[in-house]
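Start counting the sequence shown at 121; every next residue gets the next number (the working numbering).
We treat Cβ as the ideally placed atom computed from N, Cα and C, and that holds for glycine.
What follows is a set of notes on a single structure, which appears directly below.
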Amino acid sequence: MAFVKVVKNKAYFKRYQVKSKRRRQGKTDFYARHALIHQDKNKYNTPKYRLIVRITNKDIICQIAYARIEGDYIVSSAYAHELPRYGVKLGLTNYAAAYCTGLLLARRTLQKHKLDSIYKGTTDITGGEFENEPVENEKRPFRCYLDVGLARTTTGAKVFGALKGAVDGGLDIPHSTRRFPGYSREGKKFDADVHRQHIFGLHVANYMTTLNEENPDLYAKQFSRFIKAGIAPGSFEALYKAAHAAIRADPSPAPKKEKKTGAAKPKRWNKVKLARSSRKNRVQQRKTAFLKTIQGDDA
Numbered sequence: 121m122a123f124v125k126v127v128k129n130k131a132y133f134k135r136y137q138v139k140s141k142r143r144r145q146g147k148t149d150f151y152a153r154h155a156l157i158h159q160d161k162n163k164y165n166t167p168k169y170r171l172i173v174r175i176t177n178k179d180i181i182c183q184i185a186y187a188r189i190e191g192d193y194i195v196s197s198a199y200a201h202e203l204p205r206y207g208v209k210l211g212l213t214n215y216a217a218a219y220c221t222g223l224l225l226a227r228r229t230l231q232k233h234k235l236d237s238i239y240k241g242t243t244d245i246t247g248g249e250f251e252n253e254p255v256e257n258e259k260r261p262f263r264c265y266l267d268v269g270l271a272r273t274t275t276g277a278k279v280f281g282a283l284k285g286a287v288d289g290g291l292d293i294p295h296s297t298r299r300f301p302g303y304s305r306e307g308k309k310f311d312a313d314v315h316r317q318h319i320f321g322l323h324v325a326n327y328m329t330t331l332n333e334e335n336p337d338l339y340a341k342q343f344s345r346f347i348k349a350g351i352a353p354g355s356f357e358a359l360y361k362a363a364h365a366a367i368r369a370d371p372s373p374a375p376k377k378e379k380k381t382g383a384a385k386p387k388r389w390n391k392v393k394l395a396r397s398s399r400k401n402r403v404q405q406r407k408t409a410f411l412k413t414i415q416g417d418d419a
């Protein structure tokens, strides 16, 4: 193939169009976003809801949102840093915490739309497939679609833990079991028991037990906060069961603490003028200090 010179002249730059800002920043996959927010025109202005899951180093963020021309509107949200209120004080970014956050979001959203008494999801957590069927003569279940952002959708990824929690909490989200922990690509079979172990954090408990047997020093270092909090490997399932029950009992967000702010004092940029007596006193202090330094030098 012959060498072709790349011509970037005035005509090229006059017609050049920059990509979207969040594409340039590498924050948004607009191909996926377009598919998620595209709505049939015969549905007019009906919102198309998305279950947004984002996992940071220290938190898990779950939101229900819908798109408008001016931007996204958040319907409800839940965060892993809320879980200590329900008894989960440590391990706020693992698979079990993702499930709890998804469950909290589902119950909170349904409570907001007065659907929580109609669609309760399932309390029998087996890790297997579950779908919320429409109830006759009632509103249909709240439907939304999973938005994973730029996360890689590998088998066993934590975003699917949040998805499973939201589905078990009563939301209607199209999904399959092929990306849950326990799915075998070779045998094309799904082991629900493996998934259940991840939901209750038993994979972490098994690792803690193994590490304690093989290297007690490393165990004491790596799980020092668990040891300090008195969380043993055998107590994981009971801890998460209690958390699930507490979330269902009261999914409403904690009341915001009002900041005590008094009347703001206006700032002064000019120097405060001293009274005559204060100026005289300042002069006297300077004289006294000067005389002391002279006496010190003479001595």
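Cβ atoms of Phe300 and Lys284: under 8 Å apart, would you say? Taking the sequence shown and counting its residues from 1, one reaches residue 284 at position 164. Taking the sequence shown and counting its residues from 1, one reaches residue 300 at position 180. The answer is yes: Cβ separation under 8 Å.
Please classify Tyr206 as buried or exposed, where buried requires at least 16 other C-beta atoms within 10 Å of its C-beta. Looking up residue 206 in the sequence shown gives position 86. Under this definition Tyr206 is a buried residue.
Relative to the C-alpha of Thr221, which candidate in Tyr360, Cys182 and Asn257 has its C-alpha closest? Here residue 221 refers to the residue found at position 101 of the sequence shown. For Thr221, the nearest C-alpha among the options comes from Cys182.
Could I get the ranges of all uninterrupted alpha helix (DSSP H) runs contained in the stretch 352-414, with 4 residues as the minimum, in chain order? 356-369
I need the straight-line Cα distance from Ala363 to Lys141, nearest angstrom please. Stepping through the sequence shown from its first residue, residue 363 is reached at position 243. Stepping through the sequence shown from its first residue, residue 141 is reached at position 21. Looking at the two C-alpha atoms, the distance is approximately 40 Å.
Under the three-state DSSP convention, the category Leu210 falls into: Mapped onto the sequence shown, residue 210 falls at position 90. In this structure, Leu210 counts as coil in the three-state DSSP scheme.
So the candidates are Ile172, Ile189, Gly191 and Ala187; which of them puts its Cα closest to the Cα of Ala198? Residue 198 sits at position 78 when you count from the first residue of the sequence shown. That would be Ile172, whose Cα lies nearest to the Cα of Ala198.
Work out the CA separation of Tyr219 and Ile319 for me, nearest whole Å. Locating residue 319 in the sequence shown gives position 199, counting from the first residue. Locating residue 219 in the sequence shown gives position 99, counting from the first residue. C-alpha separation (whole angstroms): 6 Å.
Any contact between the stretch 235-248 and the stretch 310-325? By contact I mean 3 or more CB pairs, one from each, below 8 Å. yes
Kindly indicate which three-state DSSP category Asp313 falls into: helix, strand or coil? For the purposes of this step, residue 313 is taken as residue 193 along the sequence shown, with counting starting at 1. Note: Asp313 maps to helix in three-state DSSP.
Given 8 Å, three or more beta-carbon pairs between the stretch 265-279 and the stretch 334-343: no
Would you kindly report the start and end of the unbroken beta strand (DSSP E) that includes Leu266? Position 146 of the sequence shown, counting from 1, holds the residue named residue 266. That run of the beta strand (DSSP E) goes Tyr265 to Asp267.
CA-CA distance, Arg263 and Tyr151? Translated into the one-based positions of the sequence shown, residue 263 becomes position 143. Translated into the one-based positions of the sequence shown, residue 151 becomes position 31. Each residue's alpha carbon lies about 22 Å from the other.
If you pair each beta-carbon of the stretch 282-298 with each one of the stretch 226-239, do three or more pairs fall below 8 Å? yes
So, at 7 Å on beta carbons, what are the nonlocal neighbours of His323 in its own chain, with the 5 sequence-adjacent residues on each side left out? Walking along the sequence shown from the start, residue 323 turns up at place 203. Once the five neighbours on either side are set aside, the close Cβ partners of His323 are Gln317.
Between which two residues does the alpha helix (DSSP H) holding Arg143 run? For the purposes of this step, residue 143 is identified with residue 23 of the sequence shown, where counting begins at 1. Lys141 to Arg144 is the span of the alpha helix (DSSP H), which, as asked, contains Arg143.
Drop a sphere of 10 angstroms on the beta-carbon of Glu202, count the other beta-carbons inside from all chains shown, and report buried for 16 or more, exposed for fewer. The residue you call residue 202 lines up with position 82 of the sequence shown. Glu202 is buried by the Cβ-count criterion.
Beta strand (DSSP E) runs contained entirely in the stretch 143-196, provided each spans 3 or more residues: 170-175 and 180-188
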